[in-house]
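Following: one structure in structure tokens, then a few remarks.
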Amino acid sequence: MSATALSGCAGEDGTDTEPTGTGGFSGTLQVATYSSFTGADTAGNWLKSVFEAAHPDVTVEFTTPENGLNQYILRQQNGAEIDADLYIGLNTAELVRADQELDGSLFETVENDLERADTVKSALQIDPDGRAIPYDTGYISLVYDGNEVENPETFDALTSPEYEGDLIVQNAQQSDPGRAFLLWTIAEKGPDGYLEYWNELVGNDVTILSDWEPAYGAYMNDEAPMVVSYSTDQVYYHGEDVDMQKHQVGFLNDQAYANPEAMALFADADAPELGRAFMDFVLSPAAQREIAVRNVQFPAVEGIDPGEEFSQYAYEPPEPVTFSYDELSGNVNGWIDDWAREIAN
Amino acid sequence: MQRPAADRLALPAGLVVTLAVLGVVFYYPVSRVLLAAIDPGGAAFAPIRAILADPFYTGIAHYAFADPLGVPEGIIAWVRNGIPLAAVEFGLFGFTAYQAALSALASVALGLPGAYVLARYEFPGRKTLRSVTIVPFVLPSILVAVGFQAMFGATGLVNEFLVAVGLGRIDVMFTLPIVILAHAFYNAPLVTRLVTAAWEGIDAQQIESARAMGASPLRAFRDVVAPQLIPAALTAGLLAFVFSFMSFPIVLALGGLELQTVEVWLYAKVQSLALEEAAALAVLETVITLGLMYLYLRYEATQVGIRGGGTSQSRRPLLAGTKTLGDPRRLAVFGYGLVAAIVFLGPVVSLILESITGPDGGFTLAYYEFLLAQQASAAVGTVKPLPAIQNSLLFAVGTLLLAVPMGVIVSIVATRDGRGGRLAEALLSAPIAVSGIVVGLGLLQTLVFGVDVLGHRLTVTGPVAVVAAHAVAAYPFVSRTVTPALAGLDDRLAEAARSLGASRVRALLTVTLPLIVAPLLAGAAFAFAISIGEFDSTVLLAEGGGSYTMPVALERYVGNRSLGPSLGPATAMGTVLLTVTAVSFVVIDRVGGRYDG
Chain D
1 MSATALSGCA
11 GEDGTDTEPT
21 GTGGFSGTLQ
31 VATYSSFTGA
41 DTAGNWLKSV
51 FEAAHPDVTV
61 EFTTPENGLN
71 QYILRQQNGA
81 EIDADLYIGL
91 NTAELVRADQ
101 ELDGSLFETV
111 ENDLERADTV
121 KSALQIDPDG
131 RAIPYDTGYI
141 SLVYDGNEVE
151 NPETFDALTS
161 PEYEGDLIVQ
171 NAQQSDPGRA
181 FLLWTIAEKG
191 PDGYLEYWNE
201 LVGNDVTILS
211 DWEPAYGAYM
221 NDEAPMVVSY
231 STDQVYYHGE
241 DVDMQKHQVG
251 FLNDQAYANP
261 EAMALFADAD
271 APELGRAFMD
281 FVLSPAAQRE
291 IAVRNVQFPA
301 VEGIDPGEEF
311 SQYAYEPPEP
321 VTFSYDELSG
331 NVNGWIDDWA
341 REIAN
Chain X
346 MQRPAADRLA
356 LPAGLVVTLA
366 VLGVVFYYPV
376 SRVLLAAIDP
386 GGAAFAPIRA
396 ILADPFYTGI
406 AHYAFADPLG
416 VPEGIIAWVR
426 NGIPLAAVEF
436 GLFGFTAYQA
446 ALSALASVAL
456 GLPGAYVLAR
466 YEFPGRKTLR
476 SVTIVPFVLP
486 SILVAVGFQA
496 MFGATGLVNE
506 FLVAVGLGRI
516 DVMFTLPIVI
526 LAHAFYNAPL
536 VTRLVTAAWE
546 GIDAQQIESA
556 RAMGASPLRA
566 FRDVVAPQLI
576 PAALTAGLLA
586 FVFSFMSFPI
596 VLALGGLELQ
606 TVEVWLYAKV
616 QSLALEEAAA
626 LAVLETVITL
636 GLMYLYLRYE
646 ATQVGIRGGG
656 TSQSRRPLLA
666 GTKTLGDPRR
676 LAVFGYGLVA
686 AIVFLGPVVS
696 LILESITGPD
706 GGFTLAYYEF
716 LLAQQASAAV
726 GTVKPLPAIQ
736 NSLLFAVGTL
746 LLAVPMGVIV
756 SIVATRDGRG
766 GRLAEALLSA
776 PIAVSGIVVG
786 LGLLQTLVFG
796 VDVLGHRLTV
806 TGPVAVVAAH
816 AVAAYPFVSR
826 TVTPALAGLD
836 DRLAEAARSL
846 GASRVRALLT
856 VTLPLIVAPL
866 LAGAAFAFAI
876 SIGEFDSTVL
886 LAEGGGSYTM
896 PVALERYVGN
906 RSLGPSLGPA
916 TAMGTVLLTV
926 TAVSFVVIDR
936 VGGRYDG
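Protein chains in written order, with our numbering: chain D, 1 to 345; chain X, 346 to 942.
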């Protein structure tokens with residue numbers, strides 16, 4: 001009996017991307033992404049089928065590593081092969097981490113090679129080096145039960161007796177919305193003041209759960225009347241048999257924290273040309289509309305209308321806030337660490 | 346008499362295979378990660394020392410590492426100040442050990458009476474109940490959180506009942522008690538199963554001899570029964586401590602960040618790729634859990650009495666007509682039954698009910714229709730339930746077939762030579778004493794990324810690697826259940842068989858193993874359960890996403906938004922997981938039970 005199954009070091013078959021006679025592409029595009037981006041009726045599968053229809057000799061394949069971008073940072077560090085061309089679903093803090101951990105860049109600068117890179121809203125740009133290109137964004141906000149509480153409207157209200165024990169948030173160490181909410185408080189209270197604000201929140205009996213699912217589940221089970229979530233909540237919950245009061249979106253200080261999702265081309269992609277073509281396709285108006293609706297996120301490109309159904313129930317804050325790459329670089333780990341230590345003490 | 350070489354070599358060969366499997370899928374990958382803390386490139390052990398000297402992690406103990414010479418002076422100053430207890434902080438490690446100790450106590454308290462009932466009373470469905478006891482063991486934490494929420498939450502069943510009978514609500518969610526209860530939910534079944542197995546292995550004749558010599562029932566219990574139960578109960582308590590010590594998702598899903606453990610912090614460090622600090626935390630965790638295990642094993646080696654097999658005690662009927670209600674012992678059993686129903690059955694039944702309850706509270710089959718739709722879908726990236734069930738069962742059977750012989754071999758080694766054997770067993774039990782997060786990271790950095798061997802980059806992934814990884818995680822359960830039973834066996838039985846000409850292997854198979862069928866079956870069931878519930882190494886080693894299992898499918902359905910942000914599809918898959926494992930446990934016990942006595 002042998003405990004080992006060997007597989008060689010042979011490269012992927014058919015990844016060569018010789019343009020065919022008509023200037024089209026052929027070969028396989030390997031796209032690394034998160035698991036809910038692919039599957040029936042997802043944005044990923046729509047992109048794949050439409051792109052493949054336009055380029056009959058191209059196959060788009062998805063791979064969904066459990067540990068996300070860390071998989072590729074570690075591969076690079078360990079000298080292992082990067083078996084993907086494109087990464088979809090990158091956020092600012094992850095890009096900062098990749099650059100901090102690696103000597104050379106994991107990704108290629110593409111901004112000037114894409115036809116549509118300049119159509120992306122400038123407020124959403126996350127990479128000063130033009131590698132990561134945003135394709136959609138979510139806004140982190142409160143979702144509250146209008147039957148139980150009024151819209152708190154400000155950060156300061158959350159620490160008042162009126163809202164004692166009323167808020168559920170997520171752990172910034174392991175949850176995207178949790179980290180976004182923490183960063184939002186830092187944007188609001190400053191790096192010197194946010195820990196004090198959180199002490200007041202904890203004093204007001206805030207509940208900090210692992211991730212979005214348990215937090216939202218606890219909210220739906222009436223454990224507390226407010227939860228940190230997305231401003232697109234009502235896209236899922238509307239209609240005659242839904243209590244819309246339970247799905248009120250609350251912005252704080254007229255703000256919400258923007259969490260853009262970006263895509264980037266790996267520096268040693270086997271199919272860079274094909275990758276860039278796919279990125280341009282993702283930024284096309286048709287793709288932007290589909291991604292918004294299927295991913296339930298706002299388009300990243302200027303002037304896209306995802307349709308009535310979406311626009312009626314998804315709210316954009318009067319003032320989106322987000323930290324830039326430079327602001328997060330060198331800071332984000334320390335901010336989160338200090339915060340978690342403060343809470344655990 | 347000249348013994349054939351095959352017989353002489355069977356055990357050493359088995360040991361070599363066991364060590365090879367352990368080396369490839371455990372020791373090598375794990376040491377790769379832990380070395381970062383021991384030899385980080387700068388000062389040796391620097392990351393570990395940094396953690397020891399940090400009051401956040403070690404509380405008041407940090408003085409011993411940060412300023413050892415100042416400790417006596419500090420103590421004197423503290424005594425002079427009137428011994429203020431509030432100044433004594435225990436840090437993250439202290440809190441983690443504290444909640445683990447409480448969890449272990451709760452597990453033993455809730456599990457022992459169960460063993461008593463299963464071992465000493467006869468009632469319809471007893472065998473099936475014994476088989477399905479360890480079902481909670483395989484439930485993914487996100488579903489346990491759902492079940493507990495539905496049972497103990499603000500609008501949960503318990504509160505609805507309390508309000509209906511005019512009592513006040515209880516508010517236990519996101520507190521330490523609910524985390525401890527959840528740990529007991531996972532670990533009390535371990536106590537019940539291990540102690541039941543030990544109890545069923547007690548020779549009734551020994552008790553009868555004691556009674557015949559004039560011992561009271563209580564005295565007979567104290568002198569004959571208790572010494573054989575205590576090792577099993579302590580083993581289970583120790584395992585409950587180790588698991589609760591390294592518990593991670595359930596703490597944050599039910600407790601919140603204020604109750605975080607070392608493992609939560611370790612996970613955060615791995616996520617932010619602070620790998621030296623993560624490794625240092627893992628080394629300290631492992632030193633504590635392995636050290637505890639070694640101390641316990643040395644104690645156990647001094648405790649085991651001799652027994653000869655024979656038939657187990659006959660059971661009392663649980664229901665004795667009208668007498669039942671007048672018998673305090675039987676009433677206590679029913680009282681325990683009620684508690685067990687609330688703690689164990691409650692969350693499981695709540696989970697099943699959630700899988701057929703829509704967002705508006707009405708009955709729905711939408712989540713099961715979702716599973717059927719996934720099965721029928723041709724879309725790329727769809728995770729289908731049927732292959733998940735098949736893969737889970739295939740891996741679990743493979744794990745059982747590999748882990749049981751591995752566990753038995755390690756038990757034989759452990760019981761052979763005194764103290765050295767116990768040290769060997771402690772070291773070989775490392776797979777349950779090392780953080781699962783670290784094992785996963787190690788597997789990723791070695792077997793998945795590839796290892797340079799003679800100029801070739803070798804990767805080790807796919808179904809065989811998954812089974813090997815599962816077996817390594819599972820076999821300590823086999824050896825932990827089998828070792829005490831094996832140590833208690835009278836060597837003369839096997840020796841008699843060999844003097845009659847039986848080979849060593851034949852004596853093992855025909856004389857020794859049949860005498861320890863109950864513990865062997867318990868170990869086998871645990872091996873199966875570990876494999877079914879395993880997530881971390883499965884996703885890493887299952888190549889290309891084709892060989893996903895039930896917990897992996899479940900996790901994908903959690904993120905699936907096609908029915909909106911709902912855990913409904915996950916609860917439906919969870920119900921499937923529960924059903925498949927419950928049936929499997931019954932089958933394992935029925936098939937294995939045929940060899941009993």
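Ideal Cβ placement from N, Cα and C applies to all residues, glycine included.
Going by DSSP, which residues form a beta bridge with residue i?
| i | result |
| --- | --- |
| residue 467 of chain X | X:662 |
| residue 57 of chain D | D:26 |
| residue 226 of chain D | D:144 and D:167 |
| residue 248 of chain D | D:144 |
| residue 88 of chain D | D:263 |
| residue 138 of chain D | D:259 |
| residue 497 of chain X | None, per the DSSP bridge assignment. |
| residue 299 of chain D | D:136 |
| residue 907 of chain X | X:909 |
| residue 926 of chain X | None; residue 926 of chain X has no bridge partner. |
| residue 803 of chain X | X:796 |
| residue 319 of chain D | D:255 |
Do residue i and residue j have their C-beta atoms within less than 8 Å of each other?
| i | j | result |
| --- | --- | --- |
| residue 213 of chain D | residue 912 of chain X | yes |
| residue 916 of chain X | residue 714 of chain X | no |
| residue 529 of chain X | residue 455 of chain X | yes |
| residue 524 of chain X | residue 515 of chain X | no |
| residue 482 of chain X | residue 878 of chain X | yes |
| residue 175 of chain D | residue 211 of chain D | yes |
| residue 257 of chain D | residue 92 of chain D | no |
| residue 549 of chain X | residue 565 of chain X | no |
| residue 314 of chain D | residue 232 of chain D | yes |
| residue 449 of chain X | residue 585 of chain X | yes |
| residue 545 of chain X | residue 863 of chain X | yes |
With a cut-off of 8 Å on the beta carbons, I'd call residue i and residue j a contact; round off their distance for me.
| i | j | result |
| --- | --- | --- |
| residue 575 of chain X | residue 658 of chain X | So it is not a contact: roughly 17 Å between Cβ atoms. |
| residue 74 of chain D | residue 790 of chain X | 6 Å |
| residue 886 of chain X | residue 934 of chain X | With a Cβ gap of about 29 Å, residue 886 of chain X and residue 934 of chain X do not count as contacting. |
| residue 452 of chain X | residue 532 of chain X | 4 Å |
| residue 251 of chain D | residue 726 of chain X | Contact flag wrong, Cβ pair sits at about 34 Å. |
| residue 51 of chain D | residue 266 of chain D | The Cβ separation is near 18 Å, so there is no contact. |
| residue 137 of chain D | residue 300 of chain D | 6 Å |
| residue 826 of chain X | residue 539 of chain X | 6 Å |
Checklist entry - Taking Cβ-Cβ distances below 7 Å as the criterion, which residues of the segment 579-596 of chain X are in contact with chain D? => result 594
Next on the checklist: Any contact between the segment 695-712 of chain X and the segment 24-33 of chain D? By contact I mean 3 or more CB pairs, one from each, below 8 Å.
Outcome noted: no
Item to check | Meets three-Cβ-pair contact criterion under 8 Å: the segment 66-76 of chain D and the segment 307-323 of chain D | outcome: no
Item to check | Short-range partners of chain D found in the segment 700-720 of chain X, where Cβ spacing is below 9 Å | outcome: 704, 705, 718 and 719
Next on the checklist: Does the segment 740-749 of chain X come into contact with the segment 604-617 of chain X, if we say contact requires no fewer than three beta-carbon pairs (one atom in each stretch) closer than 8 Å?
Outcome noted: Three or more beta-carbon pairs separated by less than 8 Å are not found between the segment 740-749 of chain X and the segment 604-617 of chain X, which leaves the two stretches without contact.
Next on the checklist: Would the segment 896-907 of chain X count as touching the segment 807-825 of chain X if we require 3 or more Cβ pairs under 8 Å?
Outcome noted: no
Checklist entry - Between the segment 138-165 of chain D and chain X, which residues of the former have CB atoms less than 8 Å from a CB of the latter, in chain order? => result none
Checklist entry - Between the segment 491-516 of chain X and chain D, which residues of the former have a C-beta closer than 7 Å to a C-beta of the latter? => result When CB distances to chain D are screened at a threshold of 7 Å, the residues of the segment 491-516 of chain X falling below it are 491, 494, 498, 499 and 500, in chain order.
Item to check | Inter-stretch contact at 8 Å, needing at least 3 Cβ pairs: the segment 893-902 of chain X / the segment 677-689 of chain X | outcome: no
Next on the checklist: Residues of the segment 610-625 of chain X in Cβ contact with chain D at a cutoff of 7 Å, in chain order, please.
Outcome noted: 612, 613, 616, 617 and 618
Item to check | Cβ-based contacts, 7 Å cut-off: residues of the segment 891-907 of chain X near chain D | outcome: 901, 903, 904, 905, 906 and 907
Checklist entry - If you pair each beta-carbon of the segment 393-404 of chain X with each one of the segment 791-798 of chain X, do three or more pairs fall below 8 Å? => result Verdict: no, contact absent.
Checklist entry - Are the segment 382-390 of chain X and the segment 840-855 of chain X touching, with three or more C-beta to C-beta distances below 8 Å? => result no
Next on the checklist: I want to know whether the segment 288-302 of chain D touches the segment 179-199 of chain D - three or more CB-CB distances under 8 Å.
Outcome noted: no
Next on the checklist: Does the structure place the segment 820-835 of chain X close enough to the segment 750-758 of chain X that three or more beta carbon pairs sit under 8 Å?
Outcome noted: yes
Item to check | Residues, ordered as in the chain, of the segment 41-55 of chain D that lie near chain X by beta-carbon distance below 8 Å | outcome: 41, 42, 44, 45 and 48
Item to check | Under 9 Å (Cβ pairs) to chain D, residues found in the segment 766-790 of chain X | outcome: 785, 786, 789 and 790
Checklist entry - Touching or not, the segment 82-96 of chain D and the segment 30-47 of chain D, by the rule of three or more beta carbon pairs under 8 Å? => result yes
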